[in-house]
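Colleague: Residue numbers (this note's numbering), protein chains in the order written: chain A, 276 to 545; chain B, 276 to 545.
Quick reminder that beta carbons are idealized off the backbone N, C-alpha and C, glycines included.
Pasting a structure here, questions to come.
2 protein chains.
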Amino acid sequence: MNKPIGVIDSGVGGLTVVHELMRQLPKEQLIYLGDTLRCPYGPRSADEIRTFTWEMVDFLLTKNIKMLVIACNTATAYTLGELQEKLSIPVVGVILPGARAAIKSTKNNHVGIIGTEGTIRSNAYTQALQTIKSDIVTYPLACPTFVPMVEKGILSGQLAERTVEEALLPLKINNEMDTLILGCTHYPLLKDVIQESIGSHVTLISSSEETARETSAILEMNQLLNDVEEQFSHQFYTTGDVEAFTSLTKRIFDSSVDNLKTVSIEKAII
Amino acid sequence: MNKPIGVIDSGVGGLTVVHELMRQLPKEQLIYLGDTLRCPYGPRSADEIRTFTWEMVDFLLTKNIKMLVIACNTATAYTLGELQEKLSIPVVGVILPGARAAIKSTKNNHVGIIGTEGTIRSNAYTQALQTIKSDIVTYPLACPTFVPMVEKGILSGQLAERTVEEALLPLKINNEMDTLILGCTHYPLLKDVIQESIGSHVTLISSSEETARETSAILEMNQLLNDVEEQFSHQFYTTGDVEAFTSLTKRIFDSSVDNLKTVSIEKAII
């Protein structure tokens with residue numbers, strides 16, 4: 276089924292999902308839309324998040340996508356259910372794949388979650404975890420400073436380290452967590468800094484890697500895997516400044532993505 | 276949807292999948308059938324494997340299962356396609372979850388696979404891996420001595436170490452694999468011995484853990500998760516000797532499974 280997979284995010288964080296999709300599913304064409312203009316979604320109301328997400332989805336539906344990946348935890352928390360119900364294509368969000376990976380990883384059932392205010396306020400991770408396994412104890416923590424920092428391209432160095440260290444302090448006191456979910460697709464870009472701060476005894480779960488893997492499973496189950504090797508271009512759209520987006524994209528992908536073929540980045544009018 | 280999940284295997288190997296299903300999906304009731312009498316399937320013909328597998332499936336279908344897990348790599352290699360086509364319930368095998376986990380894990384695209392002769396001869400793992408990612412290089416190796424050893428309950432000690440060491444020798448020469456798929460559900464019972472022999476630089480992928488995780492995803496996507504906490508008994512059936520099966524089951528689960536509730540083990544006449 277040689278149609279593209281659509282990926283949406285509030286900004287550039289979803290590019291970590293794209294990065295993993297390219298690595299784990301190199302035969303699949305991707306169309307990405309980042310709502311950079313209105314990023315971050317984290318502090319917004321549920322209604323606003325819903326409206327903005329539907330605008331992005333409507334834009335991608337015009338591109339004939341075969342599957343939709345909501346590569347944004349905040350948007351997933353507030354819209355996954357209704358998108359799955361109303362769209363005729365498979366829809367995957369980033370929360371459940373991360374939750375399932377955490378359940379597989381944890382040995383003592385103590386799981387930390389970091390995310391935006393919106394994601395943490397929604398309680399979506401705790402709910403997802405406990406729906407599957409009641410005795411999971413969660414330690415949710417909002418880290419509102421991370422997304423703006425990443426969107427500015429600050430991914431390492433002293434400022435990043437200090438910001439992460441300060442934000443994670445509450446997680447270092449009085450808990451036995453052995454697993455920490457990076458419940459925001461921006462956070463894998465800070466993975467090394469977060470791991471250094473939280474300690475090597477805690478396993479970090481990247482919702483981006485896990486979502487790419489479940490996308491692979493869903494495509495296979497729905498017989499939607501692209502079985503023909505062919506030339507294609509991934510397409511990237513942003514609602515914001517194309518130049519700023521291009522520069523961040525370059526920084527995220529650097530030279531480690533060997534199949535970042537021709538890529539068009541366009542201004543999306545939604 | 277408070278119906279049980281059916282799990283089949285050629286013998287006791289599938290109990291490693293059951294162990295993970297209990298851990299990752301503690302609210303789900305399981306019905307297991309091990310074809311101990313006719314184990315191992317590895318050296319058998321494709322026709323025999325198909326006939327035996329369908330006999331097991333027909334037995335479990337009378338138990339009103341909501342999903343089928345083929346917890347046997349050999350049976351998966353030869354019957355997954357037709358089972359998925361002919362049954363009206365979701366069917367998951369152990370090969371694709373392991374393949375997807377290996378693709379996620381490998382950094383250099385060099386992946387080893389160990390399994391029974393049947394599984395290795397079927398080429399199912401290499402096919403699954405390369406369908407998704409063409410440039411994966413595989414090193415498949417049949418280890419026919421492992422299953423009979425595990426079925427006898429030999430999981431550690433000198434004999435196990437020597438057997439594993441000898442079997443894995445071909446994998447230690449001339450290859451750069453960074454990931455090794457335990458392509459048989461019996462093998463996780465030898466995980467420590469295998470890891471010790473192959474070295475810590477190689478990541479072991481347990482098809483059992485990965486299959487349990489995908490079972491969780493499939494239940495959720497099909498809205499089949501059991502949402503009510505209730506008392507239930509897991510049920511275990513064997514085609515062979517009940518006493519021998521019980522003793523092996525005890526050894527596999529020991530006291531680490533906290534929810535091995537009332538369990539009935541019966542002789543299955545199929």
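Going by CA-CA distance only, name the one from B/Pro372, B/Thr351, B/Thr394 and B/Pro415 that's closest to B/Ser482.
Modeller: Out of B/Pro372, B/Thr351, B/Thr394 and B/Pro415, B/Pro372 has the C-alpha closest to the C-alpha of B/Ser482.
Colleague: Mind listing, in chain order, the continuous alpha helix (DSSP H) runs of no fewer than 4 residues lying wholly within the stretch 360-399 of chain A?
Modeller: Fully enclosed alpha helix (DSSP H) runs of 4 or longer: 370-380 and 392-397.
Colleague: Please return the same chain residues whose Cβ sits closer than 6 Å to the Cβ of B/Ser562, not counting the five positions on each side in sequence.
Modeller: Chain B is shown from 276 up to 545; residue 562 of chain B falls before or after that span and cannot be answered.
Colleague: Leaving out the 5 sequence neighbours to the left and right, which residues in its chain are closer than 7 Å to A/Leu523 when beta-carbon positions are compared?
Modeller: Around A/Leu523: Val287 and Gly428.
Colleague: Flag this pair as touching only if the stretch 299-314 of chain B and the stretch 501-511 of chain B have three or more C-beta atom pairs under 8 Å; answer yes or no.
Modeller: With the cut-off at 8 Å, the stretch 299-314 of chain B and the stretch 501-511 of chain B touch.
Colleague: Under the DSSP definition of a beta bridge, which residues are partnered with B/Met342?
Modeller: In the DSSP output, where bridge partners are listed per residue, B/Met342 has B/Ile280.
Colleague: For chain B, find out if any of its Cβ atoms is closer than 7 Å to the Cβ of A/Lys382; answer yes or no.
Modeller: Chain B, which has no Cβ nearer than 7 Å to the Cβ of A/Lys382, makes this no.
Colleague: Determine the direct distance from the alpha carbon of A/Val425 to that of B/Leu465, and round the result to whole angstroms.
Modeller: Approximately 43 Å, taken between the alpha carbons.
Colleague: Of the residues that make up the stretch 468-487 of chain B, which ones have a beta carbon closer than 7 Å to any beta carbon in chain A?
Modeller: So the list reads Glu484, given in the order they occur along the chain.
Colleague: Enumerate in chain order the residues of its own chain whose CB-to-CB distance from A/Val468 is below 7 Å, with the five nearest sequence positions on each side excluded.
Modeller: Result list for A/Val468: Ser431, Ala435, Glu436 and Val439, in chain order.
Colleague: Determine whether the beta carbon atoms of A/Ala403 and A/Ile370 lie at a separation below 7 Å.
Modeller: A contact, by the Cβ cut-off of 7 Å.
Colleague: To the nearest angstrom, how far is the alpha carbon of B/Ser285 from that of B/Asn339?
Modeller: Distance between the alpha carbons of B/Ser285 and B/Asn339: 21 Å.
Colleague: Please check if any C-beta of chain A sits within less than 7 Å of the C-beta of B/Ser363.
Modeller: Chain A contact via Cβ: absent.
Colleague: For the stretch 394-407 of chain A, which residues have a CB atom closer than 8 Å to at least one CB atom of chain B, in sequence order?
Modeller: Going along the stretch 394-407 of chain A in chain order, one finds Thr406 and Ile407 with a Cβ nearer than 8 Å to chain B.
Colleague: What does A/Leu300 reach in chain B if we use C-beta pairs closer than 7 Å?
Modeller: Within chain B, the residues near A/Leu300 are Ile407.
Colleague: How about B/Ala321 and B/Val282: do their beta carbons lie closer than 7 Å?
Modeller: No, the pair does not count as a contact, with Cβ atoms beyond the cut-off.
Colleague: B/Thr391 and B/Cys314 look like a contact to me (Cβ under 8 Å); what is the Cβ gap, rounded to whole Å?
Modeller: With a Cβ gap of about 11 Å, B/Thr391 and B/Cys314 do not count as contacting.
Colleague: Compare the Cα-Cα distances from B/Tyr316 to each of B/Ser475, B/His461, B/Thr413 and B/Asn450 and report the closest residue.
Modeller: Out of B/Ser475, B/His461, B/Thr413 and B/Asn450, B/His461 has the C-alpha closest to the C-alpha of B/Tyr316.
Colleague: Taking B/Val332 and B/Leu358 to be in contact with their CB atoms under 8 Å, please state how far apart those CB atoms are, rounded to whole angstroms.
Modeller: Between B/Leu358 and B/Val332 the Cβ distance is about 7 Å, and since that is below 8 Å, they are a contact.
Colleague: By the three-class DSSP mapping on this structure, what secondary structure does B/Asn534 have?
Modeller: The pLDDT assigned to B/Asn534 is 36, lower than 50, so where the model puts this residue is not dependable; a value taken from the coordinates is nonetheless given after this. Coil at B/Asn534, not helix or strand.
Colleague: In its own chain, which residues sit with a C-beta less than 7 Å from the C-beta of B/Arg319, not counting the 5 before and 5 after it?
Modeller: Here the set comprises Gly393.
Colleague: Run through chain A and tell me which residues come within less than 7 Å of B/Ala492, C-beta to C-beta.
Modeller: Within 7 Å Cβ-Cβ: Arg375, Glu489 and Ala492.
Colleague: Let me know the secondary structure DSSP gives B/Pro419 once reduced to three states.
Modeller: Coil, per DSSP.
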